[in-house]
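Engineer: Shown below is the structure under consideration.
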Amino acid sequence: MAAAQNGDQVAYAALLRDLLPYLRAMARRRFRQAEEAEDAVQDILLTLHTVRHSYDPARPFRPWIVTIARRRIADRMVRLGRRAANEMLSALDDDETFSVPVTNSDMETAVQAREAVAAVADLPPGQRQAFELLKVQGLSLNEASAATGLSVTALKVATHRAVLALRRRLGN
Amino acid sequence: MRTEDLIEQMAATAEPVRRLPAPSVLALAWLVLAVALVSLVVLWQGWRPNLAGQLAEVEVLVPWLASILTGVLAVLAATHLAAPDRSARWRWVPLPAFALWVATLGGGCFAEWRESGDLTMAPGMDCLPEIAIISLPLSLLLFGLLRHAAAIRPVSTAVTGALAVAALASAGMELFHHADGALSVLVWHAGAVTLLVTGFALVGRPLFRLIAIRKPRFAR
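Structure follows, in structure tokens:
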């Protein structure tokens, strides 16, 4: 890495190639879908590239890259969790059941998001309500404020806490 | 894009980079500039009347020292939190000093109330220009130094950074601004600090996203 910081492109490429299986293993422990894991690996690599000047060659490389990797994986899981929770809840709203294979396979993707849905369900009631109104149903702050009687600030705070809680839970 | 291709492109465009100084060096550099800036404002405003007499009182001296300690520990925490390979536990480091600062200010209020039976509070907004002149450049500088935190721990870095700026601005104010009574200091200084820190906890992530070093774009 120290050589890469000095502009040694061959050493940099070799380091990244060596790192790849390790990052892939880390990402695949978290994501069931291979594409998601691979996107996470690319996120990690891009972040490494962007902040490569922050590595101190006098210190071990591993903690540096592990923190970056965990961070990017956690961020992606929260994003994924939001999207998946959205899909799952709208699927639950439908009264019909489908037997067409295509819809079933869609449902299976949604079932993979069970973890995220459970995490949302376990939030304290105030946070869950704010999160569902704003992030899942997509209401504006003013609409959500009118619907609940809570102030815009209170809703913002509750949503923020909910996102933090989800990030913590899904990030570990 | 295949990850292997991304790696080749990243390596092919990798220019030499200037390494960041160690977190404690960054913190020290920022502290030196903070002291210089506060000195300039003191030169401009003049020392507060009877400064030596004020600082000889324990009720004034201890919270003042605690605010300096809070600022120093908070900027150390911020620069360490911004570095990926340093422990996230740095975020707790300024807390004891901050608690001591608020507690000693509160204790001062209590003592004043017991002595005189009433607490007066000065309207505090007249010092706003001085606060702005100290804290704006310090914040800009600190967040500029810590741009690389965007990718790692934006919220805790923003919060500890804001605490550092606010605590040192408050300590600087004590040198030239005549604040009446412990309650004013508690409300205006500690209140402003709490407000700032809470604010930065909420905007830390978007703020750092805004000033983040841009990721390179590679052809898909």
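Quick note, the sequences are listed as chains A and B, same order.
So the first sequence is numbered by my numbering: it starts at 1 and just counts up by one.
So the second sequence is numbered by my numbering: it starts at 1 and just counts up by one.
Every residue, glycine too, gets a C-beta built ideally from N, C-alpha and C.
Computed from a predicted structure; not experimentally measured.
(1) Check the Cβ-Cβ distances between Asn104 (chain A) and every residue of chain B, and say whether any is below 8 Å.
(2) Relative to the C-alpha of Leu166 (chain A), which residue among A:Met77, A:Val157, A:Leu133 and A:Ala11 is closest?
(3) Check whether the stretch 160-170 of chain B and the stretch 76-89 of chain B are in contact - that is, three or more C-beta pairs closer than 8 Å.
(4) Buried or exposed: Pro49 (chain B), going by 16 or more other Cβ atoms within 10 Å of its Cβ?
(5) With 8 Å set as the bound, which would you pick, yes or no: does the beta-carbon of Val35 (chain B) sit closer than that to a beta-carbon of chain E?
(6) Please confirm whether Ala12 (chain B) has its beta-carbon closer than 8 Å to some beta-carbon of chain A.
(7) Among A:His160, A:Asn142 and A:Arg161, which one has its Cα closest to the Cα of Val152 (chain A)?
(8) Just to confirm the assignment, what range does the alpha helix (DSSP H) spanning Ser170 (chain B) have?
(9) The stretch 19-35 of chain B: which residues have C-beta closer than 7 Å to a C-beta of chain A, in chain order?
(10) Between which two residues does the alpha helix (DSSP H) harbouring Trp64 (chain B) extend?
(11) Going straight from the alpha carbon of Met10 (chain B) to that of Lys135 (chain A), what length do you get?
(12) Using 10 angstroms around the beta-carbon of Gln127 (chain A), count the other beta-carbons present and answer buried if the total reaches 16, otherwise exposed.
(13) By the three-class DSSP mapping on this structure, what secondary structure does Met77 (chain A) have?
(14) Is the stretch 7-25 of chain A in contact with the stretch 41-49 of chain A, if contact means three or more CB pairs nearer than 8 Å?
(15) For Val102 (chain B), which residues in the same chain have their Cβ closer than 7 Å to its Cβ, ignoring the five residues on either side in sequence?
(16) Would you mind reading off the limits of the alpha helix (DSSP H) that contains His49 (chain A)?
(17) Between the C-alpha atoms of Phe218 (chain B) and Ala149 (chain B), what's the straight-line distance to the nearest angstrom?
(18) Among residues of its own chain, excluding the 5 on either side of Arg71 (chain A), which ones have a beta-carbon nearer than 8 Å to its beta-carbon?
(19) Sorted by chain position, which residues of the same chain lie with C-beta nearer than 7 Å to Phe176 (chain B)'s C-beta, five sequence neighbours on each side aside?
(20) Please list the terminal residues of the continuous alpha helix (DSSP H) segment that includes Ala54 (chain A).
(21) Give me the Cα-Cα distance between Thr67 (chain A) and His53 (chain A), rounded to the nearest whole angstrom.
(22) What residue does the alpha helix (DSSP H) around Asp18 (chain A) start on, and which one ends it?
(23) For His80 (chain B) and chain A, any beta-carbon pair shorter than 8 Å?
(24) Identify the contact partners of Glu8 (chain B) in chain A, using a Cβ-Cβ distance below 7 Å as the criterion.
(25) Quick one: list the residues of chain A neighbouring Thr160 (chain B), beta-carbon separation under 9 Å, in chain order.
(26) Would you mind working out which of A:Pro125, A:Ala27 and A:Glu115 sits nearest Arg169 (chain A), comparing C-alpha positions?
(27) Could you tell me whether the Cβ atoms of Pro94 (chain B) and Ala66 (chain B) are closer together than 8 Å?
(28) What's the gap between the Cα of Glu4 (chain B) and the Cα of Gly71 (chain B)?
(29) So, are the CB atoms of Ile7 (chain B) and Leu139 (chain A) less than 8 Å apart?
(30) Can you give me the Cβ contacts of Ser135 (chain B) inside the same chain, cut-off strictly under 6 Å, excluding the 5 residues immediately before and after it?
(31) So that I know if they touch, is there some Cβ in chain B lying closer than 8 Å to that of Asp122 (chain A)?
(32) Taking only the alpha-carbon atoms, compute the straight-line gap between Phe110 (chain B) and Leu100 (chain B) and give it to the nearest angstrom.
(33) What residues from chain B crowd round Arg59 (chain A), counting only those whose CB sits closer than 7 Å?
(34) Only counting the same chain, and skipping five residues up and downstream in sequence, which positions put a Cβ closer than 7 Å to that of Gly149 (chain A)?
Structural biologist: This is what the structure gives:
(1) With a pLDDT of only 45 at Asn104 (chain A), under 50, the local geometry of the prediction cannot be trusted, and no value is derived from it.
(2) A:Met77
(3) yes
(4) Sixteen is the threshold: since fewer than 16 other Cβ atoms of the shown chains lie within 10 Å of the Cβ of Pro49 (chain B), the residue is exposed.
(5) The structure shown contains no chain E; the protein chains it does contain are A and B.
(6) yes
(7) A:Asn142
(8) Pro154 to Phe176
(9) Arg19, Leu20 and Ala22
(10) Val58 to Leu81
(11) C-alpha separation (whole angstroms): 35 Å.
(12) buried
(13) helix
(14) Three or more pairs of CB atoms, one per stretch, sit closer than 8 Å, so the stretch 7-25 of chain A contacts the stretch 41-49 of chain A.
(15) Correct list, in chain order: Ala190.
(16) Ala34 to Thr50
(17) 22 Å
(18) The residues Thr47, in chain order, have a CB closer than 8 Å to that of Arg71 (chain A) in the same chain once the five nearest residues on each side in sequence are set aside.
(19) Val41, Val42, Gln45, Gly46, Trp47 and Arg48
(20) According to the sequence displayed, residue 54 (chain A) carries Ser and not Ala. Unbroken run through Ser54 (chain A): none, as it is neither H nor E.
(21) Near 15 Å, if we compare the C-alpha coordinates of His53 (chain A) and Thr67 (chain A).
(22) Gln9 to Arg30
(23) For His80 (chain B), no CB of chain A lies under 8 Å from its own CB, so it is not counted at the interface with that chain.
(24) Ala13
(25) Neighbours of Thr160 (chain B) on chain A: none; closest Cβ ~17 Å, over 9 Å.
(26) A:Glu115
(27) no
(28) 45 Å
(29) With contacts defined by Cβ atoms closer than 8 Å, Ile7 (chain B) and Leu139 (chain A) do not form a contacting pair.
(30) Val165 and Ala169
(31) no
(32) 15 Å
(33) Asp85
(34) none
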